[in-house]
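The opening position of the sequence shown corresponds to residue 22 in the working numbering, with each subsequent residue numbered one higher.
Glycine residues also receive a C-beta, built at the ideal position from the N, C-alpha and C atoms.
Fair warning: this is a prediction, and the values are worked out from it, not measured in the lab.
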Amino acid sequence: MKNFLLILFFLAGIIIPSFSQKTGEGVSPEKKITIKSKDSKQQAYISWIYPLGDNLSVDGDSIELKAQIVVPTGIDPEDIQLMINDEPLNTKADEVSLFGDETKKEFSYANKVLLAWGTNEYKLSVQTKEELLISAPLIVNRSSEQILSSALKDTENSASDPISIFWQSPDVLKLGGNPLPLNESNINIDLIFKCNVPIVKEDITVALNRVKLRDLSLAKLHRVAENRYQFKMPLQLVKEGVNDVFIYLKTSIGEKKSRTLKIEYAANRPNLHVLTIGPDRDLKYTAKDAVDIGTLFSGMGQSSTTKLFNKVRVETLTGLKATTQAIRERIGFLYTQYESGLIQERDMLVIFISSHGFLWKGEELRVQGSDYRSENRWATSISYEKDLIDVLENMKCKKLILMDACHSGQGGSKDPATDVNDMIKQLNENRNGLTTIASSRGDEKSYEDDLWSNGAFTKAIKEGLKEGKADRDGNKVITVAELYQYLNSVVPQMVFQVKKEVQNPIMINEDLKNIAIYNLN
């Protein structure tokens, strides 16, 4: 699952009409019934979040729909069916954004769909293991002058939970408990309240670091649909580090506290995100290479005088776990983190890959996973361009790829198919904000050896960064250009001394050459 852009909204009770996913039959209002969960604490329902009201965001002839789904059991995108004017939308599962809390069985759904002129009626169904759930219709009217939307009234409100609060922006659920990184002290919050009685601003408490904010004069509260209110407010953070924000609503029928939003404020300091990948196949050190590079960055010096990054986040995918699908999902999840705000435009992303590569039909560069099979080469490898470069291009942060992907060789070498590294160069040279350092040039081999306990490329990276040998100007900070200059001078010597062979690293696209990526203690 990918592209998880979402918001929660609570709607007690769920309507289940006669409905057929196979035939696409429409909703029959006379046959609506209310389903009550056997466990009152585990209700099942679907509730529309967006669009509600008049302020709609339309991209040409498309509109983004958002809903909250709560079910007693987990769900997958394949379990969801969207109907437009009683016709099933044939959407691929990987085009649906679904993100949620498996422990609490709360999910948020998003889908960008056609918005035709006139009346559009959307219904969302979810097939669980026990029952078929279907939402109330969402009506969106489009004319030459305006776009209006409304959701039909809930058939039954929950007596046990008459008030609900859900974050719309930032999306707390999508953050998954992680702090939202910010380098500015200002942030705008946006929430939806569902309440069975009218509410006013005086009913709302905003707490920043557990201190009640007394001035809500800039906050805006307006009704967007029946029993639904939107609350927007700018916040001024008062300290660097982690800040906690929550909203409290108290009315005549009860009270409710929102989920807590964590914000990590670091003025003018970006975060570093590192993903290292090393499938375990017929070479001895690919997995170790990836582990060592991950350890290298996680242990980077973060002293007060030379600290480059506010936070360093490192993930590794190695050994038999680094299957083709796992690699593809891991790279795709980077984009999800970018969408959610965990990776921001000012941040630095480093991806290290140590594996075999080959040219599919002489024109498509592919990288092998740990499940690679020669009889099924395409299905057990990822596309360097589509699965990696195209994903990264949509992320507006700085991106550095450290690439060692060549056709398998003999005697501790990664022997490339002709023009593999030339293909890497071609795919990268016109991508803004993306720099790649490849382990070898043209049709050269890339070597590993027991003497290094790594590939030569990885061994040189470790020496250049951790031991500071790449710090040419002695300022305790190492740039991309300094790292490349060190690799280009050391790797050929290492390989010739041990293997009597030639290996020359190459830097493709110099956009980031002056960007610092490592600081010493």
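Excluding the 5 residues flanking it on each side, VAL371 has same chain C-beta neighbours closer than 6 Å at VAL295 and LEU421, in chain order. For the beta strand (DSSP E) assignment, the uninterrupted runs of no fewer than 3 residues enclosed by the stretch 111 to 164 are, from N- to C-terminal side, 118 to 122, 127 to 135, 139 to 148, 153 to 155 and 159 to 163. Residue range 262 to 272 is occupied by the beta strand (DSSP E) that includes LEU270.
In the DSSP assignment, ILE186 is bridged to PHE214. For GLY353, the uninterrupted alpha helix (DSSP H) segment begins and ends at 345 to 361. Contact between the stretch 242 to 251 and the stretch 227 to 234 is absent, with fewer than three C-beta pairs closer than 8 Å. Listed as beta-bridge partners of GLY299 by DSSP are THR339.
Distance from the CA of ARG462 to the CA of ALA65, rounded to the nearest whole angstrom, comes to 57 Å. In the DSSP assignment, ASN509 falls within the unbroken alpha helix (DSSP H) covering 501 to 520. Per DSSP, the continuous beta strand (DSSP E) segment holding THR226 begins and ends at 225 to 229. The alpha-carbon separation between PHE128 and LEU504 amounts to approximately 44 Å. Put simply, of ILE298, PRO191 and ILE90 the residue whose alpha carbon is nearest the alpha carbon of ILE284 is PRO191. In the displayed model, LYS278 falls within a strand according to three-state DSSP. A direct Cα-Cα distance of roughly 50 Å separates PRO158 from LEU533. Collapsing the DSSP output to three states places LYS487 in coil. If you look at GLU247, you'll find it isn't in any beta strand (DSSP E); DSSP assigns it neither H nor E. In the DSSP assignment, GLU469 falls within the beta strand (DSSP E) that extends over 467 to 470.
When rounded, the separation of the alpha-carbon atoms in SER376 and SER510 is 23 Å.
Where VAL193 is concerned, the enclosing alpha helix (DSSP H) starts and stops at 193 to 196.
When secondary structure is reduced to three states using DSSP, PRO219 falls in the coil class, being assigned neither helix nor strand.
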